[in-house]
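Undergrad:
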Amino acid sequence: MRGALSAETIEHAGTHYWVYRLDPKKEALELHLPEKAGEPNTFPKLAASVEKAGRRLVFAMNAGIFEGNFRPTGLHISRGREITPLNLDVYTKRSPEEPTPNFFLKPNGVFFLRSDGSPGILESTAFGASGEKPVLATQSGPLLVRAGTIHPVLQPDSTSKRYRNGVGVASNGQVLLVCSVLKRDQGMSNLYRFAELFRDKLDCPDALYLDGDISYVHIRGLTGPVEETNWFAGILAITEPTP
Numbered sequence: 109m110r111g112a113l114s115a116e117t118i119e120h121a122g123t124h125y126w127v128y129r130l131d132p133k134k135e136a137l138e139l140h141l142p143e144k145a146g147e148p149n150t151f152p153k154l155a156a157s158v159e160k161a162g163r164r165l166v167f168a169m170n171a172g173i174f175e176g177n178f179r180p181t182g183l184h185i186s187r188g189r190e191i192t193p194l195n196l197d198v199y200t201k202r203s204p205e206e207p208t209p210n211f212f213l214k215p216n217g218v219f220f221l222r223s224d225g226s227p228g229i230l231e232s233t234a235f236g237a238s239g240e241k242p243v244l245a246t247q248s249g250p251l252l253v254r255a256g257t258i259h260p261v262l263q264p265d266s267t268s269k270r271y272r273n274g275v276g277v278a279s280n281g282q283v284l285l286v287c288s289v290l291k292r293d294q295g296m297s298n299l300y301r302f303a304e305l306f307r308d309k310l311d312c313p314d315a316l317y318l319d320g321d322i323s324y325v326h327i328r329g330l331t332g333p334v335e336e337t338n339w340f341a342g343i344l345a346i347t348e349p350t351p
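Every number in the working numbering is 108 more than the matching position in the sequence shown, counting from 1.
1. My guess is that G274 and Y317 are in contact by the Cβ rule of under 8 angstroms, so how many angstroms apart are they, rounded?
2. What is the rounded straight-line gap between the Cα of N177 and the Cα of D197?
3. What did DSSP end up calling D308 once you bin it into helix, strand or coil?
4. Tell whether a beta-carbon distance below 9 angstroms holds between G295 and F174.
5. Decide yes or no for the touch test of the region 216–225 against the region 263–270: beta carbon pairs closer than 8 angstroms, at least 3 of them.
6. Can you grab the Cα-Cα spacing for the pair M109 / P204, in whole Å?
7. Which term fits L257, buried or exposed, when burial requires 16 or more other beta carbons within 10 angstroms of its beta carbon?
8. For R179, which residues from the same chain have a beta carbon less than 7 angstroms from its beta carbon, with the 5 sequence-adjacent residues on both sides left out?
9. When you compare only the Cα positions, how much space is there between G276 and E240?
10. Contact between the region 157–172 and the region 223–243: three or more CB pairs below 8 angstroms?
11. Just to confirm, is the Cβ distance from E135 to I346 under 9 angstroms?
12. Suppose contacts are defined by Cβ-Cβ distances below 9 angstroms. Is L154 in contact with L244 by that definition?
13. On the premise that N216 lies in contact with S232, defined as a C-beta separation below 8 angstroms, what is that separation, rounded to the nearest angstrom?
14. Compare the Cα-Cα distances from V261 to each of P152, Y300 and S238 and report the closest residue.
15. To the nearest angstrom, how far is the alpha carbon of P333 from that of H326?
16. Among the residues of its own chain, which have a CB less than 6 angstroms from the CB of Y128, if the five just before and after it don't count?
17. For R270, which of helix, strand or coil comes out of DSSP?
18. Within its chain, find whatever has a CB closer than 8 angstroms to the CB of L310; leave out the 5 residues flanking it on each side and keep chain order.
19. Does the beta-carbon of D265 have 16 or more other beta-carbons within 10 angstroms, so that it is buried, or is it exposed?
20. Could you check how far apart the C-beta atoms of S297 and T123 are, in whole angstroms? I think they sit under 8 angstroms.
21. Using only alpha-carbon positions, find the residue among T150, A156, P313 and R189 that is nearest to T246.
22. Hey, how far is the Cα of E390 from the Cα of P242?
23. Tell me where the alpha helix (DSSP H) around G236 begins and ends.
24. Quick check: what's the CA-CA separation for T208 versus L130?
25. Determine, using beta carbons only, whether L213 and G236 come nearer to each other than 9 angstroms.
Right, here's the structure in full:
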């Protein structure tokens, strides 16, 4: 069973994570957006949609941060088509005490796949200037790790612990799709430790935060049946023909 063969659980700094290792030149990663504007995307909806095409979910995980109307906050490209544009906005705080939302913790970034399957993660402005024409992209923030350096705002002693999910590109070219184990006593971490996981344990010199608290993952053969979970905008998925 492909999902079970490609995934494992890993512990880092007391937190447990699901890690799916994808060779993007051998296994196709897809980005699915809601079928109707303003409506949420869910794992069961996605499972039903791919089943109509004679396929089934191997893997599913929520993509980048989105707004209340289920529109992605930043760039999303699916099958070569731009769904939402690159967002280079700077967040304006209403007061000095207001925290900056995660998406706008600069640098933020874009995870993408080229037409030949090769992956990349670039800082958002650098992506915009790169001329890249990917077939898949999701923008989010913060950029956890950039060229082996953890995001400067993140602190190892932060008390903000949440379920988290993200994506990294490993030194060997694999894509690492990571989500917290959804057990309160096992799966909660701060952003620094999450970044450290990618850099130090998963050999990812570049990694992007996707979302937190609402994070969820389905891996066929490991996490049980597809369940009604949180509501999302983009969902990253891997499918296979239904036997």
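No residue lacks a Cβ here, since even glycine has one placed at the ideal position from N, Cα and C.
TA: Working from what's here:
1. On the sequence shown, residue 274 is found 166 positions in, with the first residue counted as 1. On the sequence shown, residue 317 is found 209 positions in, with the first residue counted as 1. Between Y317 and G274 the Cβ distance is about 5 angstroms, and since that is below 8 angstroms, they are a contact.
2. Counted from its first residue, the sequence shown places residue 177 at position 69. Counted from its first residue, the sequence shown places residue 197 at position 89. Cα-Cα distance, rounded: 19 angstroms.
3. For the purposes of this step, residue 308 is identified with residue 200 of the sequence shown, where counting begins at 1. If DSSP states are grouped into helix, strand and coil, D308 belongs with the helices.
4. Residue 295 sits at position 187 when you count from the first residue of the sequence shown. Residue 174 sits at position 66 when you count from the first residue of the sequence shown. No, Cβ-Cβ distance for G295 and F174 is not below 9 angstroms.
5. no
6. Counting from 1 along the sequence shown, the entry for residue 109 is found at position 1. Counting from 1 along the sequence shown, the entry for residue 204 is found at position 96. Caution is warranted here: a pLDDT of 48 is assigned to M109, below 50, making its placement in the model unreliable, and the coordinate value is therefore given only provisionally. Distance between the alpha carbons of M109 and P204 is about 51 angstroms.
7. Residue mapping note: residue 257 aligns to position 149 of the sequence shown, counting from 1. A small correction: the amino acid at residue 257 is Thr; Leu does not occupy that position in the sequence shown. Exposed, since its Cβ has fewer than 16 Cβ neighbours within 10 Å.
8. Taking the sequence shown and counting its residues from 1, one reaches residue 179 at position 71. Once the five neighbours on either side are set aside, the close Cβ partners of R179 are T192 and A341.
9. Sequence index remark: in the sequence shown, residue 276 carries index 168 (1-based). Sequence index remark: in the sequence shown, residue 240 carries index 132 (1-based). Spanning the two alpha carbons is a distance of roughly 18 angstroms.
10. Cβ pair count under 8 angstroms is below three, so no.
11. Translated into positions along the sequence shown, residue 135 becomes position 27. Translated into positions along the sequence shown, residue 346 becomes position 238. Yes. Within cutoff.
12. Here residue 154 refers to the residue found at position 46 when the sequence shown is read from its first residue. Here residue 244 refers to the residue found at position 136 when the sequence shown is read from its first residue. Not a contact, by the Cβ cut-off of 9 angstroms.
13. In the sequence shown, counting from the first residue as 1, residue 232 sits at position 124. In the sequence shown, counting from the first residue as 1, residue 216 sits at position 108. About 5 angstroms; that satisfies the 8 angstroms criterion.
14. By 1-based counting over the sequence shown, the position of residue 261 is 153. Comparing Cα-Cα distances from V261 to each of P152, Y300 and S238, the minimum goes to Y300.
15. Position 225 of the sequence shown holds residue 333. Position 218 of the sequence shown holds residue 326. Distance between the alpha carbons of P333 and H326: 8 angstroms.
16. Position 20 of the sequence shown, counting from 1, holds the residue named residue 128. If we look at Y128 and ignore the five residues flanking it on each side, its Cβ neighbours are S114, A115, F167 and L285.
17. The residue given as residue 270 occupies position 162 in the sequence shown. It is a strand residue.
18. One-based indexing of the sequence shown puts residue 310 at position 202. Same-chain partners within the cutoff: I118, V127, G276, A278, L284 and V286.
19. As a working mapping, residue 265 is identified with position 157 in the sequence shown. So D265 counts as exposed.
20. For the purposes of this step, residue 297 is taken as residue 189 along the sequence shown, with counting starting at 1. For the purposes of this step, residue 123 is taken as residue 15 along the sequence shown, with counting starting at 1. Between T123 and S297 the Cβ distance is about 4 angstroms, and since that is below 8 angstroms, they are a contact.
21. Your numbering for residue 246 matches position 138 in the sequence shown. Closest by alpha carbon: R189.
22. Outside the displayed span of the chain (109 to 351) sits residue 390, for which this structure offers no information.
23. As a working note, residue 236 is residue 128 in the sequence shown. Taken as a continuous stretch (DSSP letters only), the alpha helix (DSSP H) holding G236 covers S232 to S238.
24. Counting from 1 along the sequence shown, the entry for residue 208 is found at position 100. Counting from 1 along the sequence shown, the entry for residue 130 is found at position 22. If I take the Cα positions, the gap works out to 32 angstroms.
25. Here residue 213 refers to the residue found at position 105 when the sequence shown is read from its first residue. Here residue 236 refers to the residue found at position 128 when the sequence shown is read from its first residue. It is not a contact, given that the beta carbons lie outside the stated cut-off.
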